[in-house]
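Engineer:
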Amino acid sequence: MAAVATTQHDHAHVATHDAAHAHDHAHHSVSFIRKYIFSTDHKTIAKQFLSTSMFFLLVGGAFALFIRWQLAYPGEPIPLVGKWLPDTLVSNGAVQPGFYTQLVTMHATIMIFFVIIPMATGAFANFCIPLMIGTDDMAMPTVNMVSFWLVPIAGLTIMSGFFVEGGTAAAGWTNYPPLSASGTGHTLWVIGVFLVGFSSILGGMNYLATTLNKRAKGMRMFDMPLTVWALFITSILQVLGTPVLASAVSLLFVDQVFHAGIFIPENLLTSTGGLFPNGANVGAGGGGQPVLFQHLFWFYSHPAVYIMILPIMGVVSDILATFARKAIFGYKAMVFALMAIAFLGFVVWGHHMFLSGMSPLLGTTFMLSTIVIAVPSSIKIFNWLGTIWKGNIHFATPNLNALGFISTFVCGGLSGIFMAIGPIDVYIHDTYFIVAHIHYVLFGGALFGIFAGVYYWYPKMFGKMYNETLGKFHFFLTFITFNLCFFPMHMIGVGGHMRRIHDPYVYEFLKPFQPINQFITIFAILMGFSQLILIFNLLWSLKFGRTAPRNPWRANSLEWAAPAHPGHGNFDRDITVYRGPYEFASPQSKRDYLPQWIRPAHVDAEQEATVVGKH
Amino acid sequence: MSSALSLAHEPVTGIRHGKLGMWIFLASEVMFFSGFFTAFIILRNTNLPVFAHGASELNWPLAALNTVNLIVSSLTMAMAILSLEHGNKSRFQLYMGITFLCACGFLVIKYIEYTAKFSHGIYPGTSSFFGMYFTMTGFHAIHVIGGMIPIGWMLAKSFTKRGYQDWERVEILGLYWHFVDLVWIFLFPVLYLIF
Amino acid sequence: MFDFSWNMLTYFPPGISTYSESLDDLFRLVYWISAAIFVLVQIVLVTFIFKYRTRPGHKSIYYHGNNVVEFVWTLAPTVLFAGLGLYSDEMWKVMKYSSRVPSPDVEIDVVGQAFNWHVRYPGGDGILGKRHARYRTAQNLFGIDPTDIHGKDDIVLTGEFNLPINKNVVVHLSSVDVLHSYFLPNFRIKQDAVPGSWIDVWFNGTKSGKYELACAELCGSGHYAMRGVLNMQSDADFATWMDAKITAKKAILAAQVANPQPEVATPAPSSATPAGEHGSSH
Amino acid sequence: MGAGMSVAEMQKSYIKIFSALMIFTFLTIVAAKFLHFPESWGGVSTILHVSIGLIIAIAKAWMVVYIFMHIKFDNPYIRVFIYIPLFLFSVLVFALTVLGGPTL
Ligand code: HEA
Ligand code: HEA
Ligand code: CUA
Ligand SMILES: [Cu+2]
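Protein chains in written order, with this note's numbering: chain A, 1 to 615; chain B, 1001 to 1195; chain C, 2001 to 2282; chain D, 3001 to 3104.
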């Protein structure tokens, strides 16, 4: 206990020192600010991304719980927090209609732009790429630092909407004009999304350049672990997709601020019965195209859903192989499937717009291309099953989450097929069927994969082991509550329950669904609070966790060649790659794994040095 | 700790990190302007009279002057890289200086153009055409300014005692600068000439 | 307390349009295919997890995959999904291609306005008057051309409206402010109402009764309450109802002729520069 | 750089491209502002004007990319960064104009 107290004291001591004094300490060559705040070290940046996103996960999750409360018990005050909220948002502690739409918008904006994307690309790409390709840092470390700092700035910009006149953005995360074409909150949303998009582009540039240029000696592209492959392909999506969103929101900005009428047709009415202040009214006639915004938006945002899932697919592949002690089934097929998903991802955006009134021919095209995209996804599913087939499966927490990912992603993907079929989408578009799909792929898919990855690399990130019991407990609790929360959404979706409605019981045909909504809400709350176990585990283990060995999972890829808690520069030995990343159970080694960096002539002798338990 | 190791080796692709990064960034920039051009095409096709009328109010001779401006600066930028690569410092300063002046000239002309529009009561909100016009030329102008900062910095640095030798960086900047010219090559006919 | 069915197929609201049944069939088809795939994948997953779990003495094999298997399980979903896509395209055509729309028996205009649905009937002359966005004001939501004689007797209703059963109804749909979505759950019909364009939707209801019309696209804080009621009636009932409306409208018009009111200012067709003619479609 | 070309040769090719760019600029202005097709051609004349303007612009752009940006001399690998965005741009435009038609 005494020892702990001392370290705590030390920590506080360093932390309170200002930058000018920090260099006085002999053991402290870089200032505190350079080391922890404006750091250019990829591992620090990864941790910054991770902690920021975790924070936003709590915020976005809390919003979700408010949403759920309102849907289950409309008009009843939000427990605990309701009475603290201002009257502009709640009446008698219950969510007001305007607040509800703000909540939905902010929930999704935060979850997508500030949780999943920064987590999947920011945290994982930053941490994994340099370590897994055996290099010391990113190709452009300063750009990398900027890419992180744009995220909190953008987050603050968007969140500051809560404090402006008229409230924050409330047009859904898709922010379709004309609804989004007025109001300060929407303008702040646009600026924030522009900034976070810029961050994403800068990140993507770096990941691409690093993967292409900085691979260790002997590492060909097809020697890269699937995590790196997936992040590489994701980066292409980021670099080429995000700018289109940037131009879409820039044009929206021009509409909001100058009323140019780019997305606003002529002679629209405002809520007060007047006319929209719109360039097209001022003498020029003609009109803007609201649907154009949707095209530009989805041209980014469909690839964006793959930005959120592809890295996860890579992470899950690595974890499954490691814990099944077996090579990935069809490594090249996995790579080509990733490429195919990314490529097709750019030509299916219209499936979000079947009902926008687009030409039916275009609808047919998008319908077929969307259905085709299920093929590479099925290849991945089958290959994962092939990977665990005849394996020797260990059930550490990362693997449980990875297996959970497969189970739920199949469900989410298959519900995607329903919606991909145009005529069916006519009925289920904008119902809770979509909401169920979203959460099965984003929570059940992306977030489970993120949990898996966080547990898996936690030892390398912090040099400590997380608590296995708590980890398993968190997984099972989340998995069960997740399914009970989101599966019933399919059912009410088929029943016609619309999305984004503040009080469903205005409609006769939705009244019978209230018990189901209450059921969902109960499990949503349980699921929300289950996440506290995760947060607790990660924080507690930081201090009290067992010290991690260099290669706790007996894995093959290069990050495990680095010291248990790698310092600046990452590696303490030269790295040359001699084989692919999945040589599990190889006959060439006595052990059931054969890391990439072991020299062929010295397999058994050298491997001894990286065995579990040794540092 | 890391210095003793041979991790940092030559770029695998044979293209320097910065240059590769710049090309990736330019690919991204192409997509950024693609969004604008797509919007422009769609709006033009559905609002032809508005666009024709808008374009006829633009001052194409000024824009033509600016086109020349950027083409000259592109040439001098290429020359500046070549000079620095071969150690000709004074030539580098000359060419870089001209590039910088051209960029200033571009902005001055843009300023004249914009203020003339404002004085005629034409703003981005005047019509969808002018919304597109101000957005596209505005973002282009921001790119020009973004290029002038490193140009000016390198130029200033080359006059200091230690001078400026890093031609590879100038080459990367050059890629960016040519791209800015390239965008204008499309903006000029699309906005001012054809409708 | 929570006794509900876990079978999502039981949740469809009663379908009453001519194609609701075939649409539900299509849904059921996709449902059973998906359910089969889903169950299969889960069974395989659980079996493998159980069978190949780690235990003392158990070893994994050294195996990198098999191209034949890879090929088969690429081809199988391709064929299945392509087939599914082409098969359902038929239904898409029925619902969407204007060439497939049966000749309309009844044509109406519907516009969404936050947070109401407005409907326009052709009135006594059976012809909808011309309309254009430039005539739109808060009083003239449909932008009815004041110079068109056919527009004079058009009947405009808000919120609740009637239609005959067993008739092909074509709805010309638009919006006067933001996006809305015209959603008739029982007819399996949904279509975004996009300001600035008129989009056609068609259906043919087979059962009389009151059905709810919902707005399915977020249109502001009142979105949740943008509810309408569609009253499906037998031919005869509908005719009676319509006649009453026409008579009432005639009376109003007659009163106006007798006692002319200063016309509510219609804005001049947007001035000076040429105005785009789109938006006046059909 | 420049695949074994001397400085003088490089400079010469730069000047050549520069001159071509100037001439093309001149041409595009002439074509747009002083070349009038007969009234009777109607819409065809617009199409011609647009195509001439775009073709000249594409030619100019290609010259800048090819010589000034060293695509001619550099690693062929780099061309990927040009082709892919151009492909995606054409997908977007093709979908919205040809397939989409007036309703998008
Ligand atoms: C990570 C995110 C993610 C992922 C991966 C996906 C994946 C897919 N999505 Fe999803 N989608 C979203 C996130 C995602 N989606 C979001 C956020 C929205 C809502 C946006 C909004 O409006 O707010 C949305 C909306 C959405 C729509 C619009 C619905 C509407 O608004 O009306 C559509 C329509 O086609 C669609 C389809 C698909 C398809 C076909 C896939 C496919 O990629 C799925 C492929 C996977 C499988 C098919 C399962 C695995 C395959 C098998 C098990 C093999 C089968 C075997 C045999 C055939 C033998 N999605
Ligand atoms: C990665 C993405 C992601 C994630 C993780 C989630 C997580 C959750 N979402 Fe979200 N959701 C979306 C993405 C996501 N969602 C998107 C894109 C939309 C569409 C929005 C739109 O229409 O525009 C949407 C819409 C959406 C709706 C539909 C709203 C509507 O249309 O009206 C609902 C309703 O139930 C919902 C619920 C939930 C719930 C209960 C969770 C739970 O999983 C959350 C679990 C909770 C936590 C992880 C945090 C735990 C926090 C605490 C324990 C702190 C508690 C403190 C207090 C309560 C003060 N979401
Ligand atoms: Cu109208 Cu929602
Ligand atoms: Cu999509």
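For every residue, glycine included, the Cβ atom is placed at its ideal position computed from N, Cα and C.
#1: With 8 Å as the threshold, decide whether the Cβ of G471 (chain A) is near any Cβ in chain E.
#2: What is the DSSP secondary structure of S1104 (chain B), counted as helix, strand or coil?
#3: Could you tell me if K590 (chain A) is buried or exposed, where buried requires 16 or more neighbouring beta carbons within 10 angstroms of its beta carbon?
#4: May I ask you to report which of helix, strand or coil DSSP gives H352 (chain A)?
#5: Taking S2208 (chain C) as the reference, which of C:M2226, C:A2214 and C:P2164 has the closest Cα?
#6: My output table needs one value for V257 (chain A): the three-state DSSP class, helix, strand or coil.
#7: If you scan the region 1031 to 1105 of chain B from start to end, which runs of the alpha helix (DSSP H) of 4 or more residues do you find wholly inside it?
#8: Could you check whether the Cβ of L268 (chain A) sits closer than 7 Å to any heavy atom belonging to ligand 3?
#9: Let me know the secondary structure DSSP gives Q588 (chain A) once reduced to three states.
#10: Kindly identify the DSSP beta-bridge partner or partners of N2290 (chain C).
#11: Within its chain, find whatever has a CB closer than 8 Å to the CB of V2229 (chain C); leave out the 5 residues flanking it on each side and keep chain order.
#12: Check this for me: beta carbons of C485 (chain A) and A548 (chain A), under 8 Å apart or not?
#13: I need the boundaries of the alpha helix (DSSP H) containing L3117 (chain D), first residue and last residue.
#14: One question on the structure: do G413 (chain A) and A452 (chain A) come within less than 8 Å of each other, judged by their Cβ atoms?
#15: Which residue wins for smallest C-alpha separation from L2184 (chain C), given the options C:M2232, C:V2079 and C:M2008?
#16: Below 8 Å between beta carbons: does that hold for Q2191 (chain C) and S2175 (chain C)?
#17: For chain C, find out if any of its Cβ atoms is closer than 8 Å to the Cβ of S356 (chain A); answer yes or no.
#18: Please say whether D2109 (chain C) and P178 (chain A) have beta carbons closer to each other than 8 Å?
#19: Report the rounded CA-to-CA distance for D24 (chain A) versus S31 (chain A), giving the unit in angstroms.
#20: Here's a check: name, in chain order, each residue in its chain whose Cβ is nearer than 7 Å to the Cβ of T478 (chain A), leaving out the five neighbours to either side.
#21: Would you grab the beta carbon distance between I388 (chain A) and F2048 (chain C) for me? Rounded to a whole angstrom, and I think it's under 8 Å.
#22: For the region 290 to 319 of chain A, which residues have a beta carbon sitting closer than 8 Å to at least one beta carbon of chain C?
#23: Take the Cβ of K3016 (chain D) as the centre, count every other Cβ of all protein chains shown within 10 Å, and call the residue buried at 16 or more, exposed below.
#24: Could you confirm whether any beta carbon from chain A is found closer than 8 Å to the beta carbon of W3085 (chain D)?
#25: Could you please go through the chain and list the residues whose beta-carbon is closer than 5 Å to any non-hydrogen atom of ligand 3?
#26: Give a yes or no on whether 8 Å exceeds the smallest Cβ distance from T1099 (chain B) to chain D.
#27: Would you tell me roughly how many angstroms separate the C-alpha atoms of A342 (chain A) and I236 (chain A), rounded to the nearest one?
#28: As an exercise, report each continuous alpha helix (DSSP H) stretch of at least 4 residues that is fully enclosed by the region 2020 to 2067 of chain C, in chain order.
#29: Taking only beta-carbon atoms, is I3078 (chain D) less than 8 Å away from chain B?
#30: What in chain A is Cβ-close to V3007 (chain D), meaning under 8 Å?
#31: CB-CB under 6 Å to G285 (chain A), same chain, minus the five flanking residues each way: which ones, in chain order?
#32: With distances taken between CB atoms, is the gap from A654 (chain A) to K326 (chain A) smaller than 8 Å?
#33: Show which residues of chain D have a CB atom less than 8 Å away from the CB atom of A1064 (chain B).
#34: Mind checking which residues open and close the beta strand (DSSP E) that includes V2119 (chain C)?
#35: If Q518 (chain A) and A94 (chain A) are in contact, beta carbons under 8 Å, what's the gap, nearest whole angstrom?
#36: Could you list the residues in the region 32 to 43 of chain A with a C-beta less than 9 Å from some C-beta on chain B, going in chain order?
Structural biologist: On the basis of the data shown:
#1: Although the question refers to chain E, the structure presented lacks it and instead comprises the protein chains A, B, C and D.
#2: The question names Ser, but residue 1104 (chain B) in the sequence shown is Cys. Helix, per DSSP.
#3: Per the 10 Å Cβ criterion, exposed.
#4: In this structure, DSSP gives H352 (chain A) a helical state, which the three-state scheme calls helix.
#5: Nearest neighbour of S2208 (chain C) by Cα position, chosen from C:M2226, C:A2214 and C:P2164, turns out to be C:P2164.
#6: In the three-state DSSP reduction, V257 (chain A) falls in the helix class (H, G or I).
#7: You should have 1048 to 1056 and 1060 to 1085.
#8: Checking the Cβ of L268 (chain A) against ligand 3 gives no.
#9: Reduced to three states, the DSSP call for Q588 (chain A) is coil.
#10: In the structure as shown, chain C starts at 2001 and stops at 2282, and residue 2290 (chain C) therefore has no counterpart that could be examined.
#11: Within its own chain, the residues whose Cβ lies closer than 8 Å to the Cβ of V2229 (chain C), once the five positions on either side in sequence are excluded, are G2159, E2160, F2161, K2210, Y2211, E2212 and L2213, listed in chain order.
#12: If you check the CB distance, C485 (chain A) and A548 (chain A) do not come in under 8 Å.
#13: Because chain D here runs from 3001 to 3104, residue 3117 (chain D) falls outside it and cannot be looked at.
#14: Not a contact, by the Cβ cut-off of 8 Å.
#15: Between L2184 (chain C) and the set C:M2232, C:V2079 and C:M2008, the nearest pair of CA atoms involves C:M2232.
#16: Their beta carbons are not under 8 Å apart, which means Q2191 (chain C) does not touch S2175 (chain C) by this criterion.
#17: Interface with chain C (8 Å Cβ-Cβ cutoff): S356 (chain A) is included.
#18: No; because the gap between Cβ atoms is not below 8 Å, this pair is not in contact.
#19: Because the pLDDT at D24 (chain A) is just 40, under 50, the model does not fix this residue reliably, and the point stays unresolved.
#20: Excluding positions up to five away in sequence, the list reads M527 and S530.
#21: At roughly 5 Å, the Cβ-Cβ gap stays under 8 Å, so I388 (chain A) and F2048 (chain C) are in contact.
#22: Listed in sequence order: P290 and V291.
#23: The residue in question, K3016 (chain D), is exposed, as its Cβ has fewer than 16 Cβ neighbours within 10 Å.
#24: Reading off the sequence shown, one finds Pro at residue 3085 (chain D), where the question assumed Trp. By this cut-off, P3085 (chain D) is an interface position.
#25: Listed by position along the chain, the residues with Cβ atoms less than 5 Å from a non-hydrogen atom of ligand 3 are C:H2180, C:C2215, C:C2219, C:H2223 and C:M2226.
#26: Chain D contact via Cβ: absent.
#27: Taking the Cα positions, A342 (chain A) is about 8 Å away from I236 (chain A).
#28: You should have 2020 to 2051.
#29: So yes, I3078 (chain D) belongs to the interface.
#30: Within chain A, no C-beta atom comes nearer than 8 Å to that of V3007 (chain D); the closest sits roughly 28 Å away.
#31: Its pLDDT being 47, under 50, G285 (chain A) is placed unreliably by the model, and the measurement read from it follows with that caveat. Cβ neighbours of G285 (chain A) beyond the five flanking positions: none.
#32: There is simply no residue 654 (chain A) to check, as chain A begins at 1 and stops at 615 in what is shown.
#33: Chain D residues near A1064 (chain B): T3025 and I3029.
#34: Note, V2119 (chain C): beta strand (DSSP E), N2116 to Y2121.
#35: With a Cβ gap of about 16 Å, Q518 (chain A) and A94 (chain A) do not count as contacting.
#36: Residues passing the 9 Å Cβ filter: none.
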